[in-house]
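K.L.:
Start counting the sequence shown at 113; every next residue gets the next number (the numbering used here).
Every residue, glycine too, gets a C-beta built ideally from N, C-alpha and C.
Starting off with a structure, shown below.
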Amino acid sequence: MWEHEQLVVRSGKRSGMTTMVALHSTAAGPAVGGCRMKAYAQITDAVTDVLRLSKAMTLKCAAAGIPHGGAKSVIVVDRELTPQLRRDVLLDHADLINEFGGAYQAGPDVGTGPDDMLVLRELTPHAYCLPEEHGGTGSSSGPTARGVLAALKAAARHTFGTSDLAGRKVVISGFGSVGELIARDLKGADVVVSDVDESRRTGEFAWVRPDEAYRIKADVLVPAAVGGVLSPESVRHLDVRLIVGPANNQLTEDGVADLLRERGIVWVPDHVASAGGVIYTLAREDDGADHETALKRVDRIGTTVEKLLEGLAGAGQAFKPVGQGRTCTFSPTMRLS
């Protein structure tokens, strides 16, 4: 059962396109979360996505110790987006964001970027990550990748006895902006990548089809594309020891965490590993921190992962991002309470 403070769905007065915001929790402070712009087979699919993503943002902020709650928004693409239509639907979305009176503050997500946040700012002050030349922090891909790498090195130390991944086979599923940055930083590792977009294939890294990425024997799997990739079925075919990646909502159901534990696979929850972008952005734009100070906060993800894995090893339990409610507390079962 979903427990959210609000879910609002609107048809834009300019564009006629559907736009929505799911506000999961403001218990810890104003809710933050990205604006996703993509096509869905059904409106119900978009609603399910925005609800799951907003809940994950509450977990992400709690895991990072950020005084914010979680939310997410979705713009449903139902036709070809001309430049004018894209602008119109963004302005429609800005109207919807304003309805929350600051309780929801948006940032970029799949399908949107800093230039889109600049359009939102024309009608609402509640948007992060404007282009740097307009006073924002720009794309959060770099800090997100940095946070994943901090989590990966900490988890590798726990799993393999060393944070050095040189010589180990790492499969990255999703070769977008974040996945590519991770791949390029894994110097000395045997990196294999996959992506639904064949144009991303450069020849620099070994390439496999997306449906093969979760069946390859490797040391590490990095889910860096869409969520819902770790299911009871896919886990049965996994031949890896460690999973760390930025893809949101990787588990299709909470019980998959137990299946991973039973197979001896260490999994770092995505809401822990992928928090670098929101940590960096809020450090810079809310707290006024400089670039280096903000990056040091991102690097603390590694310390968080170390403590969590040590605690779970002692308790003999797996990560379980489950439960209902409005606040998040850490325990060996990673539950909302």
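Looking at the strands, I want to know which residues DSSP matches up with Gln-217.
P.N.:
Val-144
K.L.:
By Cβ distance, which residues of its chain are closer than 6 Å to Ala-102, with the 5 residues on each side in sequence left out?
P.N.:
With the chain running from 113 to 449 in the structure shown, residue 102 is simply not present.
K.L.:
Excluding the 5 residues flanking Pro-243 on each side, which residues of the same chain have their C-beta closer than 7 Å to its C-beta?
P.N.:
Pro-226, Asp-227, Leu-230 and Gly-250
K.L.:
What three-state label does DSSP hand Ala-134 in the structure shown?
P.N.:
Note: Ala-134 maps to strand in three-state DSSP.
K.L.:
Considering only the beta carbon of each residue, do Lys-150 and Asp-204 sit closer than 8 Å?
P.N.:
no
K.L.:
Quick one, which of Arg-191, Gly-145 and Ala-174 has its alpha-carbon nearest Gly-128's?
P.N.:
Relative to the Cα of Gly-128, the nearest Cα in the group Arg-191, Gly-145 and Ala-174 belongs to Arg-191.
K.L.:
Can you tell which of Val-356, Leu-202 and Ser-252 has its C-alpha closest to the C-alpha of His-403?
P.N.:
Closest option to His-403, Cα to Cα, is Ser-252.
K.L.:
Just to confirm, are Ser-166 and Ala-218 a CB contact at a threshold of 8 Å?
P.N.:
no
K.L.:
Would you tell me roughly how many angstroms separate the C-alpha atoms of Ala-359 and Val-390, rounded to the nearest one?
P.N.:
Going by the C-alpha atoms only, they are around 14 Å apart.
K.L.:
State yes or no: is the C-beta of Ala-140 within less than 8 Å of the C-beta of Pro-179?
P.N.:
yes
K.L.:
Looking at the structure shown, is Pro-195 part of a helix, part of a strand, or coil, going by DSSP?
P.N.:
Three-state result, Pro-195: helix.
K.L.:
Taking Leu-371 as the reference, which of Pro-344, Pro-381, Leu-394 and Arg-353 has the closest Cα?
P.N.:
Pro-344
K.L.:
Quick check: Gly-259 and Ala-385, are their CB atoms within less than 8 Å of each other?
P.N.:
yes
K.L.:
Keeping to the same chain, check which residues put their C-beta closer than 8 Å to that of Pro-322; ignore five residues upstream and five downstream.
P.N.:
Ser-285, Ser-306, Asp-307, Val-308 and Ala-337
K.L.:
How should Gly-400 be labelled, buried or exposed, when 16 other C-beta atoms within 10 angstroms of its C-beta is the threshold for buried?
P.N.:
exposed
K.L.:
Is DSSP giving Ala-330 helix, strand or coil here?
P.N.:
coil
K.L.:
What ranges does the alpha helix (DSSP H) occupy inside the segment 242-295, keeping only unbroken runs of at least 4 residues that lie completely in it?
P.N.:
253-272
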